[in-house]
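The structure appears right after this line, and notes come after that.
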Amino acid sequence: MEKYDPEQLSLETIVALAKRRGFIFPANELYGGLAGFYDYGPLGSLLKNNIKQSWLNKFVHSRTDMHLLDAAIVMSAKPLTASGHVGGFSDPLVECEKCHKRFRADQLDSDSCPLCAGTFGPVRNFNLMLSTQVGAVEDSSATAYLRPETAQGIFVNYKNIIDTMSPKVPFGVAQIGKAYRNEITPRDFLFRQREFEQMEIEFFVHPDTWNVHFEYWKDEMMEWMEEIGLAIDVVDPVEIAPEDRAHYSSRTIDFEFTYPFGKKELFGLAYRGNYDLSQHAEHSKTKLQYTDPLTNETFVPHVIEPSFGLDRAILALLCSAYREEKTDDDVRVYLELPPHIAPYKIAVSPLLKNKPELVDQARSIFGKLKAQFGNVAWDDNGNIGKRYRRQDEIGTPFCVVIDFETLEGQGVTVRERTTTTQERVALDDLESYFAEKFSL
Numbered sequence: 003m004e005k006y007d008p009e010q011l012s013l014e015t016i017v018a019l020a021k022r023r024g025f026i027f028p029a030n031e032l033y034g035g036l037a038g039f040y041d042y043g044p045l046g047s048l049l050k051n052n053i054k055q056s057w058l059n060k061f062v063h064s065r066t067d068m069h070l071l072d073a074a075i076v077m078s079a080k081p082l083t084a085s086g087h088v089g090g091f092s093d094p095l096v097e098c099e100k101c102h103k104r105f106r107a108d109q110l111d112s113d114s115c116p117l118c119a120g121t122f123g124p125v126r127n128f129n130l131m132l133s134t135q136v137g138a139v140e141d142s143s144a145t146a147y148l149r150p151e152t153a154q155g156i157f158v159n160y161k162n163i164i165d166t167m168s169p170k171v172p173f174g175v176a177q178i179g180k181a182y183r184n185e186i187t188p189r190d191f192l193f194r195q196r197e198f199e200q201m202e203i204e205f206f207v208h209p210d211t212w213n214v215h216f217e218y219w220k221d222e223m224m225e226w227m228e229e230i231g232l233a234i235d236v237v238d239p240v241e242i243a244p245e246d247r248a249h250y251s252s253r254t255i256d257f258e259f260t261y262p263f264g265k266k267e268l269f270g271l272a273y274r275g276n277y278d279l280s281q282h283a284e285h286s287k288t289k290l291q292y293t294d295p296l297t298n299e300t301f302v303p304h305v306i307e308p309s310f311g312l313d314r315a316i317l318a319l320l321c322s323a324y325r326e327e328k329t330d331d332d333v334r335v336y337l338e339l340p341p342h343i344a345p346y347k348i349a350v351s352p353l354l355k356n357k358p359e360l361v362d363q364a365r366s367i368f369g370k371l372k373a374q375f376g377n378v379a380w381d382d383n384g385n386i387g388k389r390y391r392r393q394d395e396i397g398t399p400f401c402v403v404i405d406f407e408t409l410e411g412q413g414v415t416v417r418e419r420t421t422t423t424q425e426r427v428a429l430d431d432l433e434s435y436f437a438e439k440f441s442l
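Shown next as structure tokens:
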């Protein structure tokens, strides 16, 4: 498989790789698991953080019109009532009258239970928010919610940001954080979970210019997807019909990705108008406006929302990067991840771990490379062939091997993951060699 083909790759293959190589584990697995929750292992945590850093570099650090926010996960009922979540954030639920299993009514292919062929009871709305109690007294005034999206934390901090940072419209507020939805039927691995992580931007614009900014952010999102290594040929921007859009949206594009289980939403781009600021202004009795310092025009900004699901991005990226290469008597599996996204950029190994002179030299080289490039792995487990296969499978772009020729001043062996080609690189040139490779 030279490139990602959703018809040839199964979700089970990705799930098995993620578990086997320390990317993603079922949450609470020691006690039987907890549906809709996953833990990121050592390599998954590195991969996730590399994606976050790439997103921050492109959409925050390289810009002068973006501010970063980290709002609280627990929200009181008041802002979520204003936003419409308390009264209307629900999915249609049906329950089988025979086995009593529950399903989303809009995701069923037939009128009978897929597990026992029983009949369903009436459809009812099921609120997706997870509630909790804050404080010592359990009454309605103590009810709070785990936020169902990161967006509302930005909107309720709009005035604080205006007052403290004095931004000029257009400007954006970016946030990365956890969100929670009590999904009726979590499924398809990382695709639909009860705890997930979002990377979202609320970009505040003049009402007359929203369309220009909408098209701009559409292009920016596509560009970033390609930068992190997503299979862009299976990403399809789909214009959402008015009857299918969220209540706050006047225009929405879903970026759909063809997963092994079908074509589903990956990211979204929405024009939210002034819905959120107007709702919070009304409910909080606070003016949430902007006055242009040059024209003195006062208006409620409109909002463009580029929304990125981090967990879905990881699933799509693992699918996009997965490769199988047939050899004479085996199949080599590797992840074709870009160096800035791969958990490790380089793996350093002594040819033999029982030779102190090789280990000492390898440790010295490892320390220098790690100091310069950060995510560098030490690997002396098993023979060199097994190390190569293991590093291939986790997506490490380069392996450096210190052998007896190294001790004689003849450099090290550098092996490239995708082509498996090897070359000798002088010790004095090693850091500049990789600096050039990673800048391409």
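Numbers in the numbering used here are just positions in the sequence shown, counted from 1, shifted up by 2.
For each residue, glycine too, the CB sits at the ideal point set by N, CA and C.
Under DSSP, the beta strand (DSSP E) around residue i begins and ends at which residues?
i	result
Ile26	26-28
His87	Note, His87: premise wrong, no beta strand (DSSP E); alpha helix (DSSP H) at 87-90.
Lys180	173-182
Ile203	197-207
Phe440	No beta strand (DSSP E) holds Phe440; the alpha helix (DSSP H) holding it covers 432-441.
Pro308	304-311
Ser133	132-135
Phe128	126-129
Ala146	145-148
Tyr33	Careful: Tyr33 lies outside any beta strand (DSSP E) and carries neither H nor E.
Leu337	333-337
Lys328	324-328
Asp41	40-42
Please say whether residue j and residue i have beta carbons closer to each other than 7 Å?
i	j	result
Thr260	Val240	no
Pro262	Ser12	yes
Ala349	Cys401	yes
Tyr250	Tyr277	yes
Leu132	Asn59	no
Phe206	Val171	yes
Pro345	Ile306	no
Ile186	Leu110	no
Tyr147	Leu82	yes
Asp41	Phe25	no
Asp93	Phe128	yes
Asp238	Glu258	yes
Leu360	Leu353	yes
Gln154	Ser78	no
Phe310	Met201	yes
Give the range of the alpha helix (DSSP H) segment to which residue i is assigned.
i	result
Asp382	From DSSP, Asp382 is part of no alpha helix (DSSP H); its letter is neither H nor E.
Cys401	It is not in any alpha helix (DSSP H) - Cys401 instead sits in the beta strand (DSSP E) that spans 400-404.
Thr166	160-167
His342	Element bounds for His342: n/a, residue is neither H nor E.
Glu241	No alpha helix (DSSP H) contains Glu241, which is instead part of the beta strand (DSSP E) from 237-241.
Asp1	Given that the chain is displayed from residue 3 to residue 442, the structure contains no residue 1 and the question cannot be resolved.
Phe157	153-157
Does residue i come out as helix, strand or coil in the three-state DSSP assignment?
i	result
Met77	strand
Gly411	coil
Tyr277	helix
Tyr390	helix
His249	coil
Lys100	coil
Ala349	strand
Met68	strand
Pro94	strand
Gln10	coil
Arg426	strand
Glu418	strand
Lys265	strand
Val361	helix
Asp190	coil
Asn59	helix
Glu284	helix
Lys21	helix
Thr297	coil
Is the CB of residue i under 7 Å away from at least one CB in chain B?
i	result
Arg389	Of the protein chains in this structure there is only one, and it is not chain B.
Drop a sphere of 10 angstroms on the beta-carbon of residue i, count the other beta-carbons inside from all chains shown, and report buried for 16 or more, exposed for fewer.
i	result
Gly38	buried
Glu199	buried
Asn383	exposed
Pro308	buried
Asn52	buried
Tyr33	exposed
Asp268	For the sequence presented, residue 268 should be read as Leu rather than Asp. Buried is the call here.
Ile156	buried
Arg426	exposed
Ala323	buried
Gln177	buried
Phe368	buried
Val158	buried
If I'm right that residue i touches residue j with Cβ under 8 Å, what's the distance once you round it to whole angstroms?
i	j	result
Arg417	Tyr390	7 Å
Ser351	Val403	5 Å
Lys527	His285	Within the shown structure, residues of the chain are numbered from 3 to 442, placing residue 527 beyond reach of any answer.
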